[in-house]
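**Student:** Numbering (mature numbering (1 follows the signal peptide of the UniProt record, and there is no 0)), first residue to last: -27 to -1, 1 to 255. There's a structure below that I have some questions on.
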Amino acid sequence: MSLKQKLVALAAGIASVTTLTTAPAVAQPVTCPAAVIIAARGSGEPQAASLTFPIGRATTTGWEGGMIQRMLEQVDLRDTLVLGLDDNDYQASQVGIGSGTDVYESAVNGARSVVSRAKQFEDTTGCRPAYVVMGYSQGAAVVHLAELPMALSRRLVGSVYLGDPFLAPNDWARVGATWPTRGMVYNPVGGLDSTKLYRAEQTVNFCIPRDPVCDWPGNVESAQHDYDNHVRYFRLDGRDTAAEQETIARINAMLNTARQRRNAGTYDQSVTPREWAFISNR
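Here it is in structure tokens:
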């Protein structure tokens, strides 16, 4: 079975998840964050630096990877916790000839780990925050597969994609590259279609023009060399400033929604979906 066929089968399986009964509500401690960001780095992307973000003073271990980390340096992270999937959660396997099975297993493990990290956080703290999920490159595949189970909480306020291989030509959330761009593994028949996998309330899908992973076909020559534009997200050289600003604005809107709901007590009686225990195997 090819990587595309495996991903189609997995997407269909996730879409068949049915709602079960939910865990009892737990009173939220005063120190709960308004939002938790769970982020998945790209293929072969190493851990970035541990740092404190300049706006809002959220901290990170760097496991979101450098691409997402550079983006988050421009985001208002007040009352926000950043959780990157580490090597134990998600391998971010290298992509190459014959790597289809490894990449598939890596993406599946990553999607399960998104749910597992959310469940573990809620079990440990009693908090019921809003969630924003983020993925770059292979991490975008992780997030697509994780959106439906995360949405079972009714607290998935946002999803963010960079260099998405599932990007659909008609994707309403797209920023950057224009129609008829599409992702490398986009398949409208098989279900590998970004617009069919979204479940978050708000979404942004940023594709730099001529990034062959999300702006395909037409950029085969870039894929045959070094995928140059695929590694230029939120870099000073070659940046698409207008698209970056739009992406940041949409993320800030997601986090503002989370803060408003926390202040209004919207999620005070929220629950942890029982499905999360099954999906995460924890």
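Think of the CB as a built atom: it goes at the ideal place given N, C-alpha and C, for glycine as much as any other residue. A quick note: this is a predicted structure, and the numbers were derived from the prediction, not measured.
Tell me, please, which residues DSSP counts as bridged to residue 138.
**Tutor:** Position 165 of the sequence shown, counting from 1, holds the residue named residue 138. Per DSSP, none; premise fails for residue 138.
**Student:** May I ask you to verify whether the region 88 to 99 touches the region 42 to 52, counting CB pairs closer than 8 Å and requiring at least 3?
**Tutor:** In short, these stretches do not touch, since the Cβ pair count stays below three.
**Student:** Tell me which residue opens and which closes the beta strand (DSSP E) that residue 147 is part of.
**Tutor:** Position 174 of the sequence shown holds residue 147. From DSSP, the beta strand (DSSP E) with residue 147 extends over 147 to 149.
**Student:** Span of the alpha helix (DSSP H) holding residue 111?
**Tutor:** Along the sequence shown, read from residue 1 onward, the residue named residue 111 stands at position 138. 111 to 124 is the extent of the alpha helix (DSSP H) around residue 111.
**Student:** Taking DSSP as the reference, what is the three-state secondary structure of residue 175?
**Tutor:** Along the sequence shown, read from residue 1 onward, the residue named residue 175 stands at position 202. Three-state DSSP puts residue 175 in a strand.
**Student:** Which residues bound the beta strand (DSSP E) around residue 53?
**Tutor:** Here residue 53 is taken as the residue at index 80 of the sequence shown, counted from 1. Unbroken beta strand (DSSP E) run through residue 53: 53 to 57.
**Student:** Does the distance from the CB of residue 84 to the CB of residue 122 come in under 9 Å?
**Tutor:** In the sequence shown, counting from the first residue as 1, residue 84 sits at position 111. In the sequence shown, counting from the first residue as 1, residue 122 sits at position 149. It is a contact, given that the beta carbons lie within the stated cut-off.
**Student:** If you draw a straight line from the alpha carbon of residue 221 to that of residue 80, how long is it in whole angstroms?
**Tutor:** What you label residue 221 is simply residue 248 of the sequence shown in a count that begins at 1. What you label residue 80 is simply residue 107 of the sequence shown in a count that begins at 1. Cα to Cα, residue 221 sits roughly 25 Å from residue 80.
**Student:** Excluding the five sequence neighbours on either side, which residues of its own chain have a C-beta within less than 6 Å of the C-beta of residue 32, listed in chain order?
**Tutor:** Walking along the sequence shown from the start, residue 32 turns up at place 59. Result list for residue 32: 25, in chain order.
**Student:** Return the CA-CA distance between residue 40 and residue 190, expressed in angstroms with no decimal places.
**Tutor:** In the sequence shown, counting from the first residue as 1, residue 40 sits at position 67. In the sequence shown, counting from the first residue as 1, residue 190 sits at position 217. If you take the alpha carbons of residue 40 and residue 190, they lie about 23 Å apart.
**Student:** Determine the DSSP secondary structure at residue 189, reduced to helix, strand or coil.
**Tutor:** Taking the first residue of the sequence shown as 1, we reach residue 189 at position 216. Strand at residue 189.
**Student:** Spell out the partners DSSP gives residue 240 in its beta bridges.
**Tutor:** Start at 1 with the first residue of the sequence shown, and residue 240 comes out as number 267. Bridge partners of residue 240: none, in fact.
**Student:** Hey, residue 101 and residue 132: beta-carbon distance below 9 Å or not?
**Tutor:** As a working note, residue 101 is residue 128 in the sequence shown. As a working note, residue 132 is residue 159 in the sequence shown. In this structure, residue 132 does not lie closer than 9 Å to residue 101 by Cβ.
**Student:** Looking at residue 35: is its Cβ nearer than 9 Å to the Cβ of residue 109?
**Tutor:** Position 62 of the sequence shown, counting from 1, holds the residue named residue 35. Position 136 of the sequence shown, counting from 1, holds the residue named residue 109. It is not a contact, given that the beta carbons lie outside the stated cut-off.
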